[in-house]
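A short worksheet on the structure shown next.
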Amino acid sequence: MKRRHWSADEKLSILSEAEKEGITATIRKHGIYSNTFYQWKEKYGTGGKEALSSKHYKVDPEVKRLQKENQQLKQLLAEKELALRIKEELLKKSTVRRQTGL
């Protein structure tokens, strides 16, 4: 079965239809699972019509590319800082050795 996305208005009309004609008949008519129907009913009961609207948003490919580039730059910066700290520690150790004559 192909996955279908329902708008908030469609979900609301299905819920009201189920009250008039019965849940089982409405579910079969529209080809939805009973679990899906009861989830819609619960969302509508707690949050109204706004809760029935879909929360899935497509992320722009340019945003994804910039996020990936940003992550790579952060990793590069972390590696550079680690290398700098290691060099500073080695420099401290070498100056201590020179001062103590070891």
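When the count follows the numbering used here, it moves up by one through the sequence shown with no breaks and lands on 571 for the last residue.
Each residue gets a CB set at the ideal place from its N, CA and C atoms; glycine is no exception.
Is residue 483 buried or exposed, if buried means 16 or more other CB atoms sit within 10 Å of its CB?
Taking every protein chain shown into account, the CB of residue 483 has 16 or more other CB atoms within 10 angstroms, so this residue is buried.
Within 10 angstroms of the Cβ of residue 487, are there 16 or more other Cβ atoms? Answer buried if so, exposed if not.
Within 10 angstroms of the beta-carbon of residue 487 lie 16 or more other beta-carbons, which makes it buried.
Could you check the C-alpha separation between residue 561 and residue 543 for me, to the nearest Å?
Each residue's alpha carbon lies about 27 Å from the other.
By how many angstroms is the C-alpha of residue 476 removed from the C-alpha of residue 539?
So the two alpha carbons sit approximately 35 Å from each other.
How would you call residue 495, buried or exposed, if buried means at least 16 neighbouring beta carbons within 10 angstroms?
Its Cβ being crowded by 16 or more others within 10 Å, residue 495 is buried.
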